[in-house]
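J.:
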Amino acid sequence: MPATQTDAAVAGLRLETALALLRQAGQAGPSHPPHTVDELQALIDGLVELSSRDALTGLSNRRNFEIALAREVDRVARSGESALLLMVDIDHFKRVNDNHGHGVGDQVIRSVAQALTDSVRSMDLVARIGGEEYAVLLPNCPQAFGPQVAARVRRRVANSVVKLPDGAPLSVTVSVGGAFAPQWVRSTPSIWLQRADLQLYRAKAEGRDRVCLEQIAASQVSLQERDMLLGAPPGAPRRTARRTASARPKTQDSE
44 MPATQTDAAV
54 AGLRLETALA
64 LLRQAGQAGP
74 SHPPHTVDEL
84 QALIDGLVEL
94 SSRDALTGLS
104 NRRNFEIALA
114 REVDRVARSG
124 ESALLLMVDI
134 DHFKRVNDNH
144 GHGVGDQVIR
154 SVAQALTDSV
164 RSMDLVARIG
174 GEEYAVLLPN
184 CPQAFGPQVA
194 ARVRRRVANS
204 VVKLPDGAPL
214 SVTVSVGGAF
224 APQWVRSTPS
234 IWLQRADLQL
244 YRAKAEGRDR
254 VCLEQIAASQ
264 VSLQERDMLL
274 GAPPGAPRRT
284 ARRTASARPK
294 TQDSE
């Protein structure tokens, strides 16, 4: 077989494989290998979307979450708008798998994913970033509303029920930890994630099925730092403002 025909056959096989992947994931796509640029672009878009999703829950996966987190850190630093990161962990999930099997465990993971999605706005990002761990990224979330949002997340999960094979109901609880992104300050996604994780560990250490949010006093940032972030012309008149120290973290129990 000539090389050109071989290449065409391989390309056709790859396109068929790509279409099969989309169908298995329940994604809408062309019913036949693409013949036009638009059809090929639709196939590519579907594969990109598929690569950003968790296969079990349909939520954003960790890779997509990390991209969004980095983008949000930069946006908050430049705009000064508030953003909240919640880390959510299913309490005693190993017991679910040990007592009821991994099939029920998968049902619980999907149920919690749906409860989290139902608890927040469509503009917010809900991601599954580990076995029984999730992250919720809430742009433009004022600090005054943080405890209410986190409490709603915890409560919605607690009120969700999964039916066991024998019809018996099963419910689980979650521990929630959260931190706000530093406003007007250059930071990194890893630092923000570590701060939210610290609050999650606190929630678990204090008994689980609760919310712990980091409480930070409103900080003042110097005009030089703002100029650096916003690109003010050099030599512009400046005056400094003393930055206040962050307050010690304080537990917020939604109970």
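If you want this note's numbering, it's the 1-based position in the sequence shown plus 43.
Backbone N, C-alpha and C fix where the C-beta goes; we use that ideal spot for every residue, glycine too.
If you're wondering where the values come from, they're calculated on a predicted model, not measured in any experiment.
(1) Out of L241, G123, A120, M130, point me to the one whose CA is closest to R171's CA.
(2) Can you tell me which residues form a DSSP beta bridge with P182?
(3) Based on DSSP bridge pairs, tell me the residues matched to E21.
(4) Given a cut-off of 8 angstroms on the beta-carbon distance, is the pair L128 and A246 in contact?
(5) Can you tell me which of the three DSSP states S165 falls into?
(6) What's the C-alpha gap between D134 and L256?
(7) Considering only the beta carbon of each residue, do A224 and A113 sit closer than 8 angstroms?
(8) Starting from D132, follow its DSSP beta bridges and name the residues at the other end.
(9) Between which residues of its own chain and K21 is the CB-CB distance below 7 angstroms, once the five residues before and five after are set aside?
(10) Can you name, in chain order, every residue of its own chain whose Cβ lies under 8 angstroms from the Cβ of V116, other than the five neighbours on each side?
(11) Find the nearest neighbour of L241 within the set V219, N202, L180, D252, judged by alpha-carbon distance.
(12) Report, in whole angstroms, the separation of the C-beta atoms of D252 and T216, which I expect to be a contact under 8 angstroms.
(13) Would you say C184 touches the ligand SAH, meaning its beta carbon is less than 7 angstroms from a heavy atom?
(14) For A178, count the other beta carbons within 10 Å of its own beta carbon; 16 or more makes it buried, fewer makes it exposed. Which is it?
T.: To lay it out plainly:
(1) By one-based count along the sequence shown, residue 171 stands at place 128. When each option's Cα is compared against that of R171, the closest is M130.
(2) Residue numbering aside, residue 182 sits at position 139 when the sequence shown is read from its first letter. Here P182 is bridged, per DSSP, to A126.
(3) Since the displayed the chain opens at 44 and closes at 298, residue 21 lies outside it and no answer follows.
(4) Within the sequence shown, residue 128 is the residue found at index 85, counting from 1. Within the sequence shown, residue 246 is the residue found at index 203, counting from 1. No; because the gap between Cβ atoms is not below 8 angstroms, this pair is not in contact.
(5) Here residue 165 refers to the residue found at position 122 of the sequence shown. Here S165 sits in coil by DSSP.
(6) To locate residue 134, count along the sequence shown from 1; it is residue 91. To locate residue 256, count along the sequence shown from 1; it is residue 213. The straight-line gap from Cα to Cα measures roughly 18 angstroms.
(7) Looking up residue 224 in the sequence shown gives position 181. Looking up residue 113 in the sequence shown gives position 70. For the pair A224 and A113, the CB atoms are not nearer than the 8 angstroms cut-off.
(8) Working through the sequence shown from its first residue, we reach residue 132 at position 89. Looking at the DSSP assignment, D132 forms a beta bridge with E176, S218.
(9) In this structure the chain extends from 44 to 298, so residue 21 is not present and cannot be described.
(10) Along the sequence shown, one-based indexing puts residue 116 at 73. The answer, listed in chain order, is A224, S230, T231, P232, W235.
(11) Against the sequence shown, residue 241 aligns to sequence position 198. Nearest of V219, N202, L180, D252 to L241, Cα basis: V219.
(12) Here residue 252 is taken as the residue at index 209 of the sequence shown, counted from 1. Here residue 216 is taken as the residue at index 173 of the sequence shown, counted from 1. Separation of the CB atoms of D252 and T216 is rounded to 4 angstroms, and the pair is thereby assigned contact status at 8 angstroms.
(13) Ligands are entirely absent from the displayed structure, and the ligand SAH is therefore not among its contents.
(14) Sequence index remark: in the sequence shown, residue 178 carries index 135 (1-based). By the neighbour-count rule (16 or more Cβ atoms within 10 Å), A178 is buried.
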